[in-house]
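S.K.: The numbering of the sequence shown is the working numbering, which starts it at 584 and goes up by one.
My structure is below; once you've seen it, I'll send some questions.
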Amino acid sequence: LLRAGGRAGGGGAALARHASSSESALDKLTGPKLFKPATKVEGVHAAPLLPLRVASGVLMIHHGSEGGFWPANYGTPGFNGFVDFIVKPYFGFLPGSPELWSAVHDYIEFWGGVLLVLGLLTRPSAFLLFVTMCGAVYFHLASTGWQGFPFGHVENYSYNFEEPALYAFIFLLFFFNGAGPVSLDALIYSKLGGGGDEES
């Protein structure tokens, strides 16, 4: 009886494996797996992190190069405009000169974006970018308000605070989860002997 039960149990496991392997893509989209969340960010579930990280980093590099190729291009119309129309009227409570804070803003966005693209020092870079985006959200809310959010609309359909708010949540994701497996952080971590850990 024990042998028969063992064979029956083994057969049931084999049938379950066969059913799982023969499951079609349509089954995965319409069956119970449609509602199954990924509990670990690895394998195929980690793949979207790379384009998200690189794209958001490249866009930050562009935002951080006001008035030229490098950040903090003193004396250019782009840099001076940021000082005069954003920092002075909305961040005048900060200690130090407006030019200093404009340069800090540019350096964080530019070099933080570079590090994010490379996946190097991702968590500290993402945190600084998150703080910077929170400042951008504050500026837009202070200058143009909620613009009818969440149900109202404006004539030009430009909702200024939404873009930095979305960036802020993206950077918060990378602050908590790290860069993902395709990154210099992951390579350095494995070289330091941490590759065998199950948790990041």
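Virtual Cβ for every residue (Gly too), placed ideally from N, Cα, C.
Everything numeric in this text was worked out from a predicted model, so none of it was measured.
Near A725, what residues of its chain come up, given a Cβ to Cβ distance below 8 Å and the 5 sequence neighbours on each side ignored?
M.R.: For A725, where only same-chain residues beyond five positions count, the Cβ hits under 8 Å are Y673.
S.K.: Exposed or buried, L585, counting other C-beta atoms within 10 Å across all chains shown (16 or more means buried)?
M.R.: With a pLDDT of only 48 at L585, under the threshold of 50, the placement of this residue in the model should not be trusted; the figure read from the coordinates follows. With fewer than 16 Cβ atoms within 10 Å of its Cβ, L585 is classed as exposed.
S.K.: Looking at F754: is its Cβ nearer than 7 Å to the Cβ of F693?
M.R.: Cβ atoms of F754 and F693: not closer than 7 Å.
S.K.: With DSSP collapsed to three states, give me the class of T659.
M.R.: Note: T659 maps to coil in three-state DSSP.
S.K.: With a cut-off of 8 Å, do at least 3 Cβ pairs link the segment 666 to 685 to the segment 697 to 713?
M.R.: Short answer: they don't touch.
S.K.: Residue range of the alpha helix (DSSP H) that G647 falls in?
M.R.: Its alpha helix (DSSP H) spans residues 632 to 647.
S.K.: If you drop the 5 nearest sequence neighbours on each side, which residues of the same chain put their C-beta closer than 6 Å to that of L632?
M.R.: So the list reads G763, once near-sequence residues are dropped.
S.K.: Under 7 Å between the Cβ atoms of S648 and V670?
M.R.: The answer is no: Cβ separation not under 7 Å.
S.K.: Please report how far the alpha carbon of P747 lies from the alpha carbon of P654, in whole angstroms.
M.R.: Distance between the alpha carbons of P747 and P654: 19 Å.
S.K.: Would a C-beta distance cut-off of 7 Å place G696 and G626 closer than the cut-off?
M.R.: No.
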